[in-house]
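Shown next, in C-alpha cells, is the structure this report addresses.
Numbering (the UniProt record's numbering), first residue to last: 1 to 299.
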C-alpha cells in the first residue's frame with residue numbers, strides 16, 4: 001500500500017502499544033493505487049469520546065433519570081451482582097465478560113443462519129462500570145476502558161472499501177470493539193459539512209429538540225470501528241452501553257460477536273435497525289442479502 005496508509009498503520013501501532021493493547025494491521029490486497037486513505041486523520045482508543053462545544057453545553061450537569069452512583073462492589077464485580085448489571089432489565093455482561101441475557105439466552109447467530117432474531121433486533125443495552133467505580137480495569141464490565149484485547153486486520157476489499165478481519169478465534173458473546181469519535185449536535189454537523197464516513201445517532205429523550213440531538217461522528221478522529229462493513233447476515237451485534245457517569249443523556253456503542261468467529265473471518269454487523277429508512281446499495285453477498293434498495297426501504 002501507499003505511504004499514507006503505512007503512516008496510518010505506524011500511528012495505530014504506537015497508540016495501541018502505549019496502552020498495552022495488541023496491534024491492528026493494515027493490509028491492501030487489491031490493485032488499487034495510492035491515494036486518499038479514507039482512514040481517520042487521527043486514531044483514538046476504543047470508546048473514546050471527544051465532545052464538541054455544543055455537546056458540552058447539553059451534557060453539562062445532566063444525568064437524567066439514572067442517579068450518578070459509583071460502583072462500590074468488591075472483588076472487581078465478580079459476583080455478577082454489580083450495580084451496573086442491575087441498571088437495565090434484560091441484557092448484561094456476565095462475570096466472564098460475555099454478553100448474555102439475564103434469562104441465560106444470548107446472541108444466537110450460527111455460521112449456517114445468521115439472520116438477527118427478534119430479541120436481537122430491538123435496542124440491545126447493557127450497564128457498564130467506569131473509571132469512577134471502585135473496581136479496576138480487570139472488572140469484566142470495563143471492557144471499553146480496557147480496549148480490544150484481540151489482534152485485527154484492517155484490509156482493503158475489491159468492492160466495499162476498508163473492512164476488518166479477526167486474527168484470532170473469538171467465542172460467542174465476546175467483546176470486539178467500541179465506537180470512538182466526536183460527539184456533536186445535529187446543527188454542528190450540518191454547519192461543518194464534513195466528509196463523514198460513519199455516523200451513529202445517540203438515542204435520547206423524545207422531548208429533545210432536533211438541534212440538540214447528539215451524534216457520534218468519525219470525520220477526523222476515530223478507531224477501527226469505522227472500517228467495519230455491513231452484512232444482512234451479520235456475525236456481530238451492536239450493543240448500546242450505559243454507565244452512571246452520564247445517565248440517560250449519553251450512551252456508548254460497542255460490538256459483540258453473535259456467534260463463534262474463526263481466525264481471519266471478516267467482522268460485520270447490520271447497519272439497519274427496525275424502522276430505518278435510507279438508501280443502501282448492499283454488496284454483502286449473504287444468502288439473505290437485501291440487495292439494492294431505494295429510499296423507501298423499511299426494515
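Every residue gets a Cβ at the ideal spot worked out from N, C-alpha and C, and that includes glycine.
Between the options, which has its C-alpha nearest residue i's C-alpha?
i: residue 169; options: 190, 257 and 240; result: 257
i: residue 44; options: 21, 139, 153 and 181; result: 181
i: residue 216; options: 185, 230, 229 and 157; result: 185
i: residue 96; options: 167, 143 and 131; result: 143
i: residue 224; options: 156, 46 and 27; result: 46
i: residue 166; options: 14, 26, 187 and 135; result: 26
i: residue 91; options: 290, 260, 267 and 241; result: 241
i: residue 55; options: 259, 5, 6 and 188; result: 188
i: residue 124; options: 135, 218, 161 and 236; result: 236
i: residue 57; options: 77, 20 and 214; result: 214
i: residue 134; options: 162, 157 and 77; result: 77
i: residue 253; options: 139, 42, 126 and 8; result: 126
i: residue 42; options: 220, 190 and 5; result: 220
i: residue 161; options: 139, 284, 20 and 93; result: 284
i: residue 304; options: 93, 8 and 28; result: The requested residue 304 is not part of the displayed model; the chain covers only 1 to 299.
Within 10 Å of its beta-carbon, does residue i have 16 or more other beta-carbons around it, so buried, or fewer, so exposed?
i: residue 53; result: exposed
i: residue 264; result: exposed
i: residue 208; result: Low confidence applies here, because residue 208 scores a pLDDT of 49, under 50, leaving its location unreliable; read the following figure in that light. It counts as exposed.
i: residue 250; result: buried
i: residue 17; result: exposed
i: residue 14; result: exposed
i: residue 130; result: buried
i: residue 159; result: exposed
i: residue 10; result: exposed
i: residue 34; result: Confidence in residue 34 is poor, its pLDDT being 47 and thus under 50, which makes the residue's placement unreliable; the coordinate value appears in the next sentence. So residue 34 ends up on the exposed side.
i: residue 132; result: exposed
Are residue i and residue j close, meaning C-beta to C-beta below 8 Å?
i: residue 238; j: residue 49; result: no
i: residue 222; j: residue 40; result: yes
i: residue 141; j: residue 128; result: yes
i: residue 154; j: residue 227; result: yes
i: residue 22; j: residue 149; result: yes
i: residue 268; j: residue 231; result: yes
i: residue 171; j: residue 152; result: no
Since residue i and residue j are thought to touch, with beta carbons under 8 Å apart, how far apart are those beta carbons, to the nearest angstrom?
i: residue 288; j: residue 233; result: 5 Å
i: residue 173; j: residue 261; result: Their Cβ separation, rounded to whole angstroms, is 11 Å, which puts residue 173 and residue 261 out of contact at 8 Å.
**Prompt:** What are the complete beta strand (DSSP E) segments, minimum 3 residues, inside the region 126 to 155?
**Reply:** If we require 3 residues or more, the region 126 to 155 turns out to have no beta strand (DSSP E) run fully inside it.
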